[in-house]
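In this note's numbering, the protein residues as written are 51 to 816. The beta carbon of each residue, even a glycine, is placed where N, CA and C say it ideally should be. Written out below as structure tokens is the structure these notes cover.
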């Protein structure tokens, strides 16, 4: 005798029935294993009268109805099924809208007009329809768009189009808006790269059980006046019960705390802001982490709160004690003080299939998890997964792993544990248990909000405020740890602290200060805009701004050319040179002594055989001023045997300084007759990559700049530099800013060029 399900299916077994409507074999088998879903789906198939099969798209929608239909609206399910079979509802978005409508309908009588309007039945949005809607919006807002140009808030334009065409494809809408902007405004200019100023919207009135938080950016009168943290709410005003807001075209989840949970949280924190900086110790921190530190530590400091330094150390295979120690040390250098310091699953996630063990009895799961903890199961043979929603449109809800087995020693815990929590499991729970008020991360984590709040809700825990911001991308470099690790391990660079890298260790070794990095991060602001890269020039601007005030002036000649002053005797003069450009004449500490003798050295590039009007260097018969010294005039050029190589310049000096040449040169003199100046090594660093965005290149290693490091081994320096210590910073006049490198020894000073004197960045530029 046939079983109940078989007879109801007209002779077909449930598995055969499910395969007929287009479910893949694994999903069909998993469904059969769940008696409740099997009963629901069988009933839906009969309601749809598709026991002989149907289109796969229809079948998937019917499966969604069987698994997600609102329980309080079952009376309306047959109606919805008919709309699916007749292709009046044919997309997941329409189906979700239908679910919302029927769930909110108290009456057994469904308003057909209201229902069809709510889920876009019969509406076909053509390309022409979208173009017309965009044209109308542009015409209505043309004056503002022309005024703001590419600073126009595209999200607002998108919202206007959505109101006119709610069922339009968002991707097509965005493409047409971008195309229209280009047609109206033409190519971007430098001024267009300034960030838009957003006006703060008024908060909507509170309802009894929820309110909406609007995310806005602060006004930007100038970089100095920005308070980038004003976009974040305070704990006592933000954590009421609320649902979601919209960023452009998409809704995003928000924390939803009961009054009891919120009151308990505020009692522990005292209303203070608690944040966390959670780096993964699998490499050295780079300048992108400087932005994360600024956001996390900076918000806590600005609000008088606390920031945890929490290592995301859930993967012992990629972590080292070296990285852990580096993170703690570099956080302090940046000026911050912490408060405390497999394939089968991939296939299941891609195909939205339930695991065959999803409905395993709780007691059995607990026993197996205990076996995992005690090391009784082999690595890779079992994982603990969260029972979420395999049919969600968000793949971060596909029963994510909570714990997996790893028999690798941990840098902190050693062999104490053989199971490790996943990021998705540990991150949100630790946030909650540590009473973090603002959980701040970069935009790629936005899709994980669903899982973040799902787990906290399932555990009945307090839910922090989550906010994502754009990653920091800078031109002419790579930022991914994978690429950085390859550069280091394959020895394309000289270690994690190579001055050409944008690691914080590399920037520090190059002579960049933590305060200039923080000023740079503060200047670019905290936004959700993730569509552009910041030019390296902008970082260099902030570096120069600080070093111009803090680096003492001195003189070094990189490629020396000997100049013999024929009208001077063998005596040595001690002249005063300024350490600081605005030093008062009566402040002895603002000057240093430089010897001036019969033999001095200038840069080879500061002499040429043929003079010209736009040239201010030395040439035969021409005069220049030696800075802090005297004017000299070239009287003779000594050439080598090839009659081209310049060996020496003969010159006469003007001891009375009556000559007023336009050109001013830096120089270095013999400290005593016949004794060469202090010899130093100078390393000239430049952009590591030729292209602005090497990460986009297939052969990104082929884009390395061969001139990114040039070593000058025989530079000459003034004697006062002899006592320079590692880390001391100087401005080599006319050359740039330099720092004493750690490779220096008592007999050999090594200087790294931090940045040139050239400043092509204008404030407000990208």
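Sub-8 Å separation of residue i and residue j beta-carbons
{"i": "residue 571", "j": "residue 344", "result": "yes"}
{"i": "residue 482", "j": "residue 513", "result": "yes"}
{"i": "residue 562", "j": "residue 593", "result": "yes"}
{"i": "residue 152", "j": "residue 131", "result": "no"}
{"i": "residue 749", "j": "residue 583", "result": "no"}
{"i": "residue 770", "j": "residue 643", "result": "yes"}
{"i": "residue 782", "j": "residue 488", "result": "no"}
{"i": "residue 144", "j": "residue 183", "result": "no"}
{"i": "residue 520", "j": "residue 577", "result": "yes"}
{"i": "residue 29", "j": "residue 553", "result": "Residue 29 lies beyond the range of the chain shown here (51 to 816); nothing can be said about it."}
{"i": "residue 595", "j": "residue 640", "result": "no"}
{"i": "residue 718", "j": "residue 605", "result": "yes"}
{"i": "residue 817", "j": "residue 727", "result": "Nothing can be reported for residue 817: it is not among the residues displayed for the chain, which extend from 51 to 816."}
{"i": "residue 602", "j": "residue 780", "result": "yes"}
{"i": "residue 801", "j": "residue 732", "result": "yes"}
{"i": "residue 384", "j": "residue 500", "result": "no"}
{"i": "residue 524", "j": "residue 337", "result": "yes"}
{"i": "residue 791", "j": "residue 558", "result": "no"}
{"i": "residue 616", "j": "residue 702", "result": "yes"}
Distance, residue j Cα to residue i Cα
{"i": "residue 169", "j": "residue 68", "result": "26 Å"}
{"i": "residue 378", "j": "residue 527", "result": "24 Å"}
{"i": "residue 98", "j": "residue 449", "result": "29 Å"}
{"i": "residue 555", "j": "residue 546", "result": "7 Å"}
{"i": "residue 134", "j": "residue 374", "result": "55 Å"}
{"i": "residue 327", "j": "residue 568", "result": "16 Å"}
{"i": "residue 433", "j": "residue 597", "result": "53 Å"}
{"i": "residue 81", "j": "residue 410", "result": "14 Å"}
{"i": "residue 196", "j": "residue 185", "result": "14 Å"}
{"i": "residue 729", "j": "residue 738", "result": "27 Å"}
{"i": "residue 203", "j": "residue 515", "result": "25 Å"}
{"i": "residue 206", "j": "residue 339", "result": "30 Å"}
{"i": "residue 476", "j": "residue 498", "result": "13 Å"}
{"i": "residue 140", "j": "residue 735", "result": "59 Å"}
{"i": "residue 805", "j": "residue 590", "result": "7 Å"}
{"i": "residue 391", "j": "residue 358", "result": "6 Å"}
{"i": "residue 845", "j": "residue 474", "result": "Outside the displayed range of the chain (51 to 816) lies residue 845, so it cannot be described from this structure."}
Sequence-distant residues of its chain with Cβ nearer than 7 Å to residue i (five each side left out)
{"i": "residue 110", "result": "72"}
{"i": "residue 172", "result": "138, 166"}
{"i": "residue 181", "result": "226"}
{"i": "residue 439", "result": "447"}
{"i": "residue 121", "result": "none"}
{"i": "residue 491", "result": "518"}
{"i": "residue 346", "result": "325, 326, 327, 357, 490"}
DSSP-derived helix/strand/coil call for residue i
{"i": "residue 716", "result": "coil"}
{"i": "residue 779", "result": "strand"}
{"i": "residue 707", "result": "coil"}
{"i": "residue 389", "result": "coil"}
{"i": "residue 773", "result": "helix"}
{"i": "residue 672", "result": "coil"}
{"i": "residue 117", "result": "helix"}
{"i": "residue 316", "result": "helix"}
{"i": "residue 413", "result": "helix"}
{"i": "residue 510", "result": "coil"}
{"i": "residue 795", "result": "strand"}
{"i": "residue 133", "result": "helix"}
{"i": "residue 636", "result": "coil"}
{"i": "residue 790", "result": "strand"}
Residues of its chain near residue i, where Cβ-Cβ distance is below 6 Å and the 5 sequence neighbours each way are ignored
{"i": "residue 353", "result": "323"}
{"i": "residue 104", "result": "71"}
{"i": "residue 127", "result": "119"}
{"i": "residue 25", "result": "Because residue 25 is not part of the residues shown, which for the chain are 51 to 816, the question remains open."}
{"i": "residue 188", "result": "230"}
Cβ of residue i within 8 Å of any chain B Cβ
{"i": "residue 379", "result": "This model lacks chain B altogether; it includes just one protein chain."}
Sequence-distant residues of the same chain with beta carbon closer than 8 Å to residue i, five excluded per side
{"i": "residue 654", "result": "609, 610, 611, 696"}
{"i": "residue 657", "result": "611, 667, 668, 669, 684, 696, 699"}
{"i": "residue 693", "result": "none"}
{"i": "residue 10", "result": "No statement about residue 10 is possible, as the shown extent of the chain runs from 51 to 816 and does not include it."}
Practice task
Report the residue ranges of all beta strand (DSSP E) runs contained in full by the segment 164-247; include only those spanning at least 3 residues, in chain order.
Solution key: Listed in chain order, nothing qualifies, since the segment 164-247 has no complete beta strand (DSSP E) run of 3 or more residues.
Problem - Within the segment 514-600, ranges of the beta strand (DSSP E) (whole runs, at least 3 residues) - result: Runs of the beta strand (DSSP E) lying entirely within the segment 514-600, each at least 3 residues long, are 515-519 in chain order.
Handout entry: Those runs of the alpha helix (DSSP H) which lie wholly inside the segment 85-113 and span at least 4 residues
Key = If we require 4 residues or more, the alpha helix (DSSP H) runs fully inside the segment 85-113 come out as 85-98.
Handout entry: Inside the segment 597-633 only - beta strand (DSSP E) runs reaching at least 3 residues
Key = Counting whole runs of 3 or more residues, the segment 597-633 contains the beta strand (DSSP E) stretches 602-604, 610-615, 623-628.
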